[in-house]
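Q: In this note's numbering, the protein residues as written are 946 to 1324. Heads up, the beta-carbon is just placed ideally off N, CA and C, and yes, glycines get one too. Here the structure is a predicted model, which is why all the values come from computation and not from measurement. One structure, as structure tokens, below. Some questions next.
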């Protein structure tokens, strides 16, 4: 049985970088190809719950993420006027707090610095054009015409994964009828933890990122046809959603929305590839396999956990089939739970925004709490 010594990772996002670090830590040579010519991270802020920090700690990144982010104790769920109705989030796990808010760009920097420290090799402006599975490895042709041979190929190239489409055939993400708006702000002096406010036509959250910065996210229903939002609509639409919440620390931020290019707008899509997520010597992880909408703030955490588990199983060096099968046993149900629970929460939010009754027994707080508690379990 050939041992695994050389791995290609397609995609230099959170999942790809995490996998690169995890594999280098067990002595495997790793090459990452990233389609973008340079790292220019799309996004504003990200919520890391305790399970994400636990996984980052295995990579040697948790302390730096907390130092450069903003740990906070809970998410307070509130009415549009600010009356608290519940608390949400994973409980602390050991020394890791319930939540850490951090800039997505900063998280990428933390992972990039660590990956270079452990010896991950990057090739930028490149992806794969063809993948040929062989008995003892994988041959690839890259987008620049060059070729390479590897023991294992990991597809960590996101929700629109080229690796997934090459290996499993085309599968398109599902638009759920909701959209997400994000914008970074100076942190109000009254922001002591994370908050989510449930309005009639939107949901607004405000999350600390550092001692001096925070971000707001708004979930809205822009239409079943997923309309294109022009740049000149970005500022007034986001400001109009924020204006629905008569809360002083939200109102004081409205005038800070001044640059349409910094409004991060994204229609929400989901994808849950049926098992298995591997074929031959190729496996996909993160959003390429199980893209979730952000209702539980767990998409990045799942990708980091995937990387940690895959490296743990690869230590045994007993062949791709055995390694990948054990990986699926540990990851499939957990990821499916998050994707499906997030979809359910999104469905209920959409019904509420449309003024329709929720199904009997629907309980947003209880569903969030049950899922977040499950995420504290070992991976």
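By Cβ distance below 7 angstroms, which residues in the same chain neighbour residue 1275 in space, the five residues on each side in sequence not counted?
A: Excluding positions up to five away in sequence, the list reads 1254, 1324.
Q: Exposed or buried, residue 1099, counting other C-beta atoms within 10 Å across all chains shown (16 or more means buried)?
A: Buried, by the Cβ-count rule.
Q: In terms of residues, what are the limits of the alpha helix (DSSP H) holding residue 1053?
A: Here the alpha helix (DSSP H) through residue 1053 covers 1049-1063.
Q: Among 1025, 1043, 1035, 1022, whose alpha-carbon lies nearest the alpha-carbon of residue 1016?
A: Comparing Cα-Cα distances from residue 1016 to each of 1025, 1043, 1035, 1022, the minimum goes to 1043.
Q: Counting C-beta neighbours from all protein chains within 10 Å, is the total for residue 1091 16 or more, i.e. buried, or is it exposed?
A: Label assigned to residue 1091: exposed.
Q: Taking DSSP as the reference, what is the three-state secondary structure of residue 1186?
A: The answer is helix: DSSP assigns residue 1186 an H, G or I state.
Q: Look at residue 1160 and residue 989 and say whether their C-beta atoms are less than 7 angstroms apart.
A: Yes, Cβ-Cβ distance for residue 1160 and residue 989 is below 7 angstroms.
Q: For the ligand MN, any of its heavy atoms closer than 6 angstroms to the Cβ of residue 1141?
A: With respect to the ligand MN, the structure offers nothing, as it holds no ligand at all.
Q: Mind checking residue 979: buried by the 16 CB within 10 Å criterion, or exposed?
A: Result: buried.
Q: Residue 1318 and residue 889 - do their beta-carbons sit closer together than 7 angstroms?
A: Because the chain in this structure spans residues 946 to 1324, residue 889 falls outside the shown range and cannot be described.
Q: Is residue 1004 helix, strand or coil when you go by DSSP?
A: Note: residue 1004 maps to coil in three-state DSSP.
Q: CB-CB under 8 angstroms to residue 1029, same chain, minus the five flanking residues each way: which ones, in chain order?
A: The residues are 1021, 1022, 1023.
Q: Would you kindly report the start and end of the unbroken beta strand (DSSP E) that includes residue 1129?
A: Element bounds for residue 1129: 1119-1131.
Q: Around the C-beta of residue 1304, are 16 or more other C-beta atoms found within 10 angstroms, so that it is buried, or is it exposed?
A: Flag for residue 1304 reads exposed.
Q: Got a sec, what are the start and stop residues for the beta strand (DSSP E) residue 993 sits in?
A: Counting along the chain, the beta strand (DSSP E) containing residue 993 begins and ends at 990-994.
Q: Would you report the Cα separation of residue 1081 and residue 1245, rounded to the nearest angstrom?
A: One C-alpha to the other measures close to 31 angstroms.
Q: Give me the Cα-Cα distance between residue 1306 and residue 1297, rounded to the nearest whole angstrom.
A: If I take the Cα positions, the gap works out to 14 angstroms.
Q: Does the distance from the CB of residue 1070 to the CB of residue 982 come in under 7 angstroms?
A: Yes, the pair counts as a contact, with Cβ atoms nearer than the cut-off.
Q: How far does the alpha helix (DSSP H) with residue 1298 in it reach, from first residue to last?
A: Unbroken alpha helix (DSSP H) run through residue 1298: 1265-1298.
Q: So, is residue 1217 buried or exposed, given that buried needs 16 or more other C-beta atoms within 10 angstroms?
A: Classification of residue 1217: buried, given that the 10 Å Cβ count is 16 or more.
Q: In this structure, does DSSP put residue 1135 in helix, strand or coil?
A: Reduced to three states, the DSSP call for residue 1135 is coil.
Q: Beta-carbon within less than 6 angstroms of residue 1009's beta-carbon, same chain only, minus the 5 sequence neighbours each way: which residues are those?
A: So the qualifying residues of the chain are 1055.
Q: Taking residue 1118 as the reference, which of 1212, 1046, 1176 has the closest Cα?
A: Among 1212, 1046, 1176, the Cα nearest to that of residue 1118 belongs to 1212.
Q: Cα separation between residue 1124 and residue 953?
A: Approximately 33 angstroms between the Cα atoms of the pair.
Q: Flag this pair as yes or no: are the beta carbons of residue 1320 and residue 996 separated by less than 7 angstroms?
A: Yes, the pair counts as a contact, with Cβ atoms nearer than the cut-off.
Q: Report buried or exposed for residue 1215, applying the criterion of at least 16 other Cβ atoms within 10 angstroms of its Cβ.
A: Buried, since its Cβ has 16 or more Cβ neighbours within 10 Å.
Q: What residue range does the beta strand (DSSP E) around residue 1147 cover?
A: 1147-1153 is the span of the beta strand (DSSP E), which, as asked, contains residue 1147.
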